[in-house]
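See structure below.
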Amino acid sequence: MVDGRVTDRIQIAYCFDDHLALPGAVAMLSLLRANPGGVDVHVCTDPDPKCAALLHAIAEVEGASLRIVTRAPEKARNFENHSVYGGESTATYRRIFLPDLLPELDRVIYIDADTIVAAPLRPLWELPLGGKTIAAVRDPWMMRNPAIQAQLPGGYFNAGVLLIDMAAWRAKAITDAALAEVARLSAIAAASGGSALDYQFDQMPLNFALADQWVDVSPRWNFTTMLTDRIAQSMGLTAAEFAAICEDPAIVHMLGSHKPWLEGFETLSVWHRQFDQYRRELEANFDLSGLAWPGAFTNGESVEMARRLMAMRLVHSARRLGWQKPAVVLTGLLGPEVAKIAQEQHFPLGPFITEYPMLVGHEVLGMPIQGIAEAFASGVAQVIVADYRRLDATLAVLNETAAESGAQIALLTPRDR
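Residues are numbered in this note's numbering as their position in the sequence shown, beginning at 1, plus a constant of 6.
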């Protein structure tokens, strides 16, 4: 099978509504700065979008070609419309319909809204697919799940960046297959009282629909600051290869809960700082009327309250134990919540500690971030393990690092009473 036609101009597609329009505007601005004059941008958004004027203004300033597609075919289906950022949105499902929304294109690079493009995309654009339908980056976190490993032995990709052979997608009826998987997985989730987050909205359905139909490409094309040395090794990368990707990623995907638009997270990494520069430029030079930055990655007020209560319990326990300036593990949003509670209660903390090398040397909420080994070597001996979703994995890393360094550490976790 011949790959979808590779044109001189790179075709880029985004799928977002007004809910994620401001991060999407940052993504588009970064794309145009890194690829001047060489891309055509297609934004698939809702009918009557408030963001249209802003996107056209950016395209005009940057001298770029922009088309806004105001069709939302997923809205006619019974998809769960709860956004992980609060509010309602079904825009994430729209990439399932891209070959129908952009019928004249044979090849496109799809990019999520919570990204920064940092390098030219032509090497990805011209990548041979060898008869496969897409190219994508392996998702190492999902592949840690034994159930996923059993169901998708060929691997699981992150759908935030996709090089798509649109002609092959149409010929193989991938849209229909993905929609059937959404129906199947949503029924399974509903039967157990779950939600669309259990099957990653459209991401897991796309993985099932495209099993054995994707090319695994370098994480340089869908890079995240949450990569670790251990994860890179599990992806088959040498230490030198991982270091080179960290120095020169092409697309940075702000995965997880540490979103760069959240107050206090602007300084979390070099890429969060870069995002903040683009944000300041947007706010200074463009009219953002009617649009707002989204909230935190959440499942609603009940989850936020549970996180706050958990943080209060951890701070109370550390105080009761007589701990002095304990370090706080930084993985999701619980660690920053612990820091906020500690500040409210005038309980001094040590640094945040992390296994994510891209965060080391930066700060969040004004607190410095150290690597775990570095912290143990400097004498950190008390650690609030502010993690619950990946607690066992985090404990394994802490204990392994302590054993390697000969450190004696005391750990306080959400399981401790």
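All C-beta atoms in this analysis are idealised placements derived from N, C-alpha and C, irrespective of residue type, glycine included. Predicted, not measured: the structure shown is a model, and the values here were computed from it.
Item to check | Where Pro-225 falls, given that 16 or more other Cβ within 10 Å makes a residue buried | outcome: Translated into the one-based positions of the sequence shown, residue 225 becomes position 219. It counts as buried.
Next on the checklist: With distance defined between alpha-carbon atoms, name the residue in Pro-53, Asp-120, Val-12 nearest to Met-34.
Outcome noted: For the purposes of this step, residue 34 is taken as residue 28 along the sequence shown, with counting starting at 1. If you compare the alpha carbons of Pro-53, Asp-120, Val-12 with that of Met-34, the shortest gap goes to Asp-120.
Next on the checklist: If distances are taken between C-alpha atoms only, which option among Ala-399, His-259, Ser-36, Cys-50 comes closest to Ala-78?
Outcome noted: Against the sequence shown, residue 78 aligns to sequence position 72. The residue with the shortest Cα to Cα distance from Ala-78 is Cys-50.
Next on the checklist: Are the CB atoms of Leu-127 and Ala-302 within a distance shorter than 8 Å?
Outcome noted: Working through the sequence shown from its first residue, we reach residue 302 at position 296. Working through the sequence shown from its first residue, we reach residue 127 at position 121. Against a cut-off of 8 Å, the Cβ pair of Leu-127 and Ala-302 comes out as no contact.
Item to check | Cβ-Cβ separation, Asp-222 to Gly-424 (assumed contact under 8 Å), whole Å | outcome: As displayed, the chain neither begins before 7 nor continues past 423, which places residue 424 out of reach and without an answer.
Next on the checklist: By DSSP's criteria, Arg-314 is part of a beta bridge. Which residues make up the other side?
Outcome noted: Locating residue 314 in the sequence shown gives position 308, where the first residue counts as 1. Bridge partners of Arg-314 according to DSSP: none are assigned.
Next on the checklist: Suppose you measure from the CA of Lys-81 to the CA of Glu-272; what does that come to, to the nearest Å?
Outcome noted: Here residue 81 refers to the residue found at position 75 when the sequence shown is read from its first residue. Here residue 272 refers to the residue found at position 266 when the sequence shown is read from its first residue. For Lys-81 and Glu-272, the distance between alpha carbons rounds to 34 Å.
Item to check | Range of the contiguous beta strand (DSSP E) that encloses Trp-220 | outcome: Residue 220 sits at position 214 when you count from the first residue of the sequence shown. First-last of the beta strand (DSSP E) with Trp-220: 220-222.
Next on the checklist: Beta-carbon within less than 6 Å of Thr-102's beta-carbon, same chain only, minus the 5 sequence neighbours each way: which residues are those?
Outcome noted: The count along the sequence shown starts at 1 and reaches residue 102 at position 96. The question names Thr, but residue 102 in the sequence shown is Ile. Cβ neighbours of Ile-102 beyond the five flanking positions: Thr-181, Ala-184, Asp-208.
Checklist entry - In the DSSP assignment, what residue or residues form a beta bridge with Leu-168? => result Taking the first residue of the sequence shown as 1, we reach residue 168 at position 162. Beta-bridge pairing links Leu-168 to Tyr-116.
Checklist entry - Would the C-beta of Leu-127 count as close to the ligand ADP, meaning under 7 Å from any of its heavy atoms? => result Because no ligand of any kind appears in the structure shown, any question about the ligand ADP cannot be addressed here.
Checklist entry - Are there three or more Cβ pairs, one per stretch, closer than 8 Å when the stretch 338-354 is compared with the stretch 237-256? => result As far as the Cβ criterion goes, the stretch 338-354 does not touch the stretch 237-256, which means the pair count is below three.
Checklist entry - Under the DSSP definition of a beta bridge, which residues are partnered with Phe-163? => result For the purposes of this step, residue 163 is identified with residue 157 of the sequence shown, where counting begins at 1. Arg-144, per the DSSP bridge assignment.
Next on the checklist: I'd like the span of the beta strand (DSSP E) that includes Arg-421, first residue to last.
Outcome noted: Sequence index remark: in the sequence shown, residue 421 carries index 415 (1-based). Element bounds for Arg-421: n/a, residue is neither H nor E.
Checklist entry - In angstroms, rounded to a whole number, what distance separates the CA positions of Leu-417 and Leu-404? => result Taking the first residue of the sequence shown as 1, we reach residue 417 at position 411. Taking the first residue of the sequence shown as 1, we reach residue 404 at position 398. If you draw a straight line from the Cα of Leu-417 to the Cα of Leu-404, it is about 9 Å long.
Checklist entry - CB-CB under 6 Å to Val-8, same chain, minus the five flanking residues each way: which ones, in chain order? => result Reading the sequence shown from its first residue, position 2 is the one you call residue 8. The pLDDT assigned to Val-8 is 45, lower than 50, so where the model puts this residue is not dependable; a value taken from the coordinates is nonetheless given after this. Here the set comprises nothing.
Checklist entry - In this structure, what does DSSP give as the bridge partners for Arg-73? => result Taking the first residue of the sequence shown as 1, we reach residue 73 at position 67. Residue pairing by DSSP places Arg-73 opposite His-48 in a beta bridge.
Checklist entry - Contact between the stretch 12-25 and the stretch 258-278: three or more CB pairs below 8 Å? => result Judged by pairs of C-beta atoms under 8 Å, the stretch 12-25 does not touch the stretch 258-278, as fewer than three such pairs exist.
Next on the checklist: Checking the sheet assignment: what are the DSSP bridge partners for Gly-377?
Outcome noted: Position 371 of the sequence shown, counting from 1, holds the residue named residue 377. Its beta-bridge partners are Thr-360.
Item to check | According to DSSP, residues forming a beta bridge with Tyr-20 | outcome: Translated into the one-based positions of the sequence shown, residue 20 becomes position 14. Its beta-bridge partners are Val-49.
Item to check | Where His-259 sits in the DSSP three-state scheme | outcome: Locating residue 259 in the sequence shown gives position 253, counting from the first residue. For His-259, the three-state secondary structure derived from DSSP is strand.
Checklist entry - DSSP three-state call for Val-8: helix, strand or coil? => result For the purposes of this step, residue 8 is taken as residue 2 along the sequence shown, with counting starting at 1. Only weak support is given to the placement of Val-8: the predicted model assigns it a pLDDT of 45, under 50, and the question is left unresolved by the model.
Next on the checklist: According to DSSP, Ala-333 sits in a beta bridge with which residue or residues?
Outcome noted: Position 327 of the sequence shown holds residue 333. Beta-bridge pairing by DSSP links Ala-333 to Val-389.
Next on the checklist: I'd like to know if the stretch 146-165 and the stretch 285-295 are in contact, where contact means that at least 3 CB-CB pairs between them fall below 8 Å.
Outcome noted: Of all C-beta pairs linking the stretch 146-165 to the stretch 285-295, fewer than three are shorter than 8 Å, placing the two stretches out of contact.
Next on the checklist: Output needed for Trp-299: all residues of its chain with C-beta closer than 6 Å, excluding positions within five of it in sequence on either side, in chain order.
Outcome noted: Position 293 of the sequence shown holds residue 299. Once the five neighbours on either side are set aside, the close Cβ partners of Trp-299 are Leu-28, Trp-267.
Checklist entry - Can you tell which of Lys-265, Tyr-99, Gly-44 has its C-alpha closest to the C-alpha of Leu-72? => result Taking the sequence shown and counting its residues from 1, the one referred to as residue 72 is at position 66. Cα-wise, what sits closest to Leu-72 is Gly-44.
Checklist entry - Of all the options Arg-39, Glu-343, Arg-326, which has the alpha carbon lying nearest to the alpha carbon of Ile-5? => result This structure gives no information on residue 5, because the portion of the chain shown stretches from 7 to 423.
Checklist entry - When we look at the beta-carbon of Ile-64 and count the other beta-carbons within 10 Å, is it buried (16 or more) or exposed? => result Taking the sequence shown and counting its residues from 1, the one referred to as residue 64 is at position 58. Under a 10 Å Cβ-count criterion, Ile-64 is classified as buried, with 16 or more other Cβ atoms of the shown protein chains found around its own Cβ.
Next on the checklist: If distances are taken between C-alpha atoms only, which option among Arg-113, Ala-317, Ser-323, Gly-338 comes closest to Ala-174?
Outcome noted: Looking up residue 174 in the sequence shown gives position 168. Measuring C-alpha to C-alpha distances from Ala-174 to each of Arg-113, Ala-317, Ser-323, Gly-338 identifies Arg-113 as the nearest.
Item to check | Among Leu-336, Glu-361, Leu-365, the one whose alpha carbon lies nearest that of Leu-355 | outcome: The sequence position of residue 355 within the sequence shown is 349, counting from 1. The shortest C-alpha to C-alpha distance from Leu-355 to any of Leu-336, Glu-361, Leu-365 is the one to Leu-336.
Checklist entry - Can you tell which of Gly-377, Leu-168, Gly-30, Gln-17 has the C-alpha that lies nearest to the C-alpha of Asp-46? => result What you label residue 46 is simply residue 40 of the sequence shown in a count that begins at 1. Ranking the options by Cα distance to Asp-46, first place goes to Gln-17.
Next on the checklist: Given this structure, state the Cα-to-Cα distance separating Glu-380 from Met-232, to the nearest angstrom.
Outcome noted: As a working note, residue 380 is residue 374 in the sequence shown. As a working note, residue 232 is residue 226 in the sequence shown. A direct Cα-Cα distance of roughly 18 Å separates Glu-380 from Met-232.
Item to check | Endpoints, alpha helix (DSSP H) assigned at Ile-194 | outcome: Taking the sequence shown and counting its residues from 1, the one referred to as residue 194 is at position 188. First-last of the alpha helix (DSSP H) with Ile-194: 180-197.
Next on the checklist: Let me check understanding here. Comparing Cα to Cα, which of Tyr-116, Asp-282, Arg-83 lies closest to Ile-140?
Outcome noted: On the sequence shown, residue 140 is found 134 positions in, with the first residue counted as 1. If you compare the alpha carbons of Tyr-116, Asp-282, Arg-83 with that of Ile-140, the shortest gap goes to Tyr-116.
Next on the checklist: Can you look up Glu-406 in the DSSP assignment and give me helix, strand or coil?
Outcome noted: Working through the sequence shown from its first residue, we reach residue 406 at position 400. If DSSP states are grouped into helix, strand and coil, Glu-406 belongs with the helices.
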